[in-house]
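**Q**
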Amino acid sequence: MGADQPQRLPSHTPTCMGCGPDNPHGLQLEVFRCGDEVFADLVFDERHIGAPGLAHGGAIAAACDDVLGFSLWIAATPAVTRRLTVDYLQPVPLGCTHRLTARIATREGRALHVDGVGVGVDGVTRFTASAVFITVDAAHFAAHGDISGFGELFAELARYGGAGPDAGSRCPGTGCGARAGRRPRCGRVARRSWMPRGRWPQHTVLTVCRCVRWPRRPALPPARCIGISDPKAICW
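Be aware that the sequence shown starts at 51, since it is given in our numbering, and climbs by one per residue.
Structure follows, in structure tokens:
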């Protein structure tokens with residue numbers, strides 16, 4: 051497939067509200083990548099109504115969050131939303147196709163600054179969006195919920211050159227200052243595994259730099275709290 055040919059991207063998870071094909075209440079977006087951009091064609095229906103005949107602003111924002119989030123395929127790493135801003139320039143009619151295109155504007159460490167624009171088939175730009183996504187690894191999702199639905203996503207990202215759940219080349223903490231895609235400068239890589247509880251897979255293996263501490267916090271069982279010692283940092 052040529053570099054300029056659109057490539058269909060896998061959904062985040064089958065039940066994702068934005069792009070999951072198995073979620074009957076979701077937007078069921080089909081997102082494509084073309085070069086350094088991702089895009090999806092949006093058609094809002096009666097489920098997404100706000101003012102009569104118009105799409106609700108929340109539905110538009112949800113679509114922006116999801117499509118801009120597909121920038122993870124450009125960065126080749128999982129990422130989560132830190133901030134999302136939507137500018138509603140024109141009302142968005144129900145039943146009309148709008149193409150939402152997004153691309154990474156800048157990258158600062160773990161922060162991906164992504165811009166998006168929604169244009170109708172009539173050529174009118176009706177909304178724009180900007181977002182900041184923070185790159186994470188599988189440990190982030192393991193700390194906050196069920197990672198079983200992310201297996202295909204991690205496998206595909208690994209195939210594209212990103213890190214899957216068992217990749218050992220990334221330091222998710224700030225102790226050694228390693229950046230995504232590089233081996234930690236401290237040179238120490240450790241594996242930690244346990245028998246998780248609840249809905250998690252039977253075994254979870256996390257590969258992290260040993261400079262990351264494993265604090266015990268009263269709010270969470272020790273096995274589930276895999277944050278770093280800096281209280282201002284994101285808890286994985």
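Here a beta-carbon is modelled for each residue, glycine too, at the ideal position from N, C-alpha and C. Note that this is a predicted model, so its numbers are computed, not measured.
Let me know the beta strand (DSSP E) ranges lying completely inside the segment 141-178, each 3 residues or longer, listed in chain order.
**A** Fully enclosed beta strand (DSSP E) runs of 3 or longer: 147-158 and 161-170.
**Q** I need the straight-line Cα distance from T127 to L134, nearest angstrom please.
**A** Their backbone Cα atoms lie some 19 Å apart in a straight line.
**Q** From D137 to A181, what distance separates their C-alpha atoms?
**A** C-alpha separation (whole angstroms): 12 Å.
**Q** Taking the beta strand (DSSP E) that C84 belongs to, which residues open and close that run?
**A** It spans V81 to C84 - the beta strand (DSSP E) in which C84 sits, taken as one unbroken run.
**Q** Among G103, I110 and V164, which one has its Cα closest to the Cα of G155?
**A** Reading the sequence as shown, one finds Ala at residue 155 and not Gly. Nearest of G103, I110 and V164 to A155, Cα basis: V164.
**Q** Need the endpoints of the beta strand (DSSP E) that L92 sits in, please.
**A** Looking at the DSSP string, the run of the beta strand (DSSP E) that includes L92 is E87 to V93.
**Q** Using the three-state DSSP reduction, which class does D54 fall into: helix, strand or coil?
**A** Note: D54 maps to coil in three-state DSSP.
**Q** Is DSSP giving D137 helix, strand or coil here?
**A** Strand, per DSSP.
**Q** Looking at L150 and G166, is the spacing between their C-beta atoms short of 9 Å?
**A** Contact flag set, yes.
**Q** Mind checking whether L92 and T131 have CB atoms under 9 Å apart?
**A** Going by C-beta atoms, L92 is not nearer than 9 Å to T131.
**Q** Within 10 angstroms of its Cβ, does R176 collect 16 or more other Cβ (buried), or is it exposed?
**A** Classification of R176: buried, given that the 10 Å Cβ count is 16 or more.
**Q** Here's the rule: buried if 16 or more other CB atoms are within 10 angstroms of the residue's CB, otherwise exposed. What is L162?
**A** Per the 10 Å Cβ criterion, buried.
**Q** Would you check if the distance between the CB atom of A111 and the CB atom of L77 is smaller than 9 Å?
**A** Contact: no.
**Q** How big is the Cα-Cα spacing for D54 and H98?
**A** Taking the straight line from one Cα to the other gives about 33 Å.
**Q** Select from G85, L144 and D95 the residue whose C-alpha is nearest the C-alpha of I124.
**A** Of the listed residues, the one whose Cα sits closest to I124 is G85.
**Q** Do you know how far the Cα of S121 is from the Cα of A129?
**A** Cα to Cα, A129 sits roughly 9 Å from S121.
**Q** Could you work out which residue in R157, S61, P143 and A90 is closest to C114 when comparing CA atoms only?
**A** Cα-wise, what sits closest to C114 is A90.
**Q** Pull the bridge partners of I184 from the DSSP assignment, please.
**A** Answer is V130 and A161, bridged to I184.
**Q** Quick one: Cα of P64 to Cα of L139, how far?
**A** When rounded, the distance between both Cα atoms is 32 Å.
**Q** Alpha carbons only, please: which of D116, P141 and E96 is nearest the one belonging to L59?
**A** Per the Cα distances, D116.
**Q** Between I184 and the rest of its own chain, which residues show a CB-CB distance below 7 Å, the 5 nearest in sequence each way excluded?
**A** Result list for I184: A129, V130, R132, R160, A161 and I284, in chain order.
**Q** Find the nearest neighbour of V142 within the set A152, E158, G119 and G168, judged by alpha-carbon distance.
**A** For V142, the nearest C-alpha among the options comes from G168.
**Q** By Cβ distance below 7 Å, which residues in the same chain neighbour F94 in space, the five residues on each side in sequence not counted?
**A** Closer than 7 Å at Cβ, skipping near neighbours: A105, A109, V142 and L144.
**Q** Please state whether DSSP places L104 in a helix, a strand or coil.
**A** In this structure, L104 counts as strand in the three-state DSSP scheme.
**Q** Closest by CA to T178, which one among Q57, E87 and L118?
**A** Ranking Q57, E87 and L118 by Cα distance to T178 puts L118 first.
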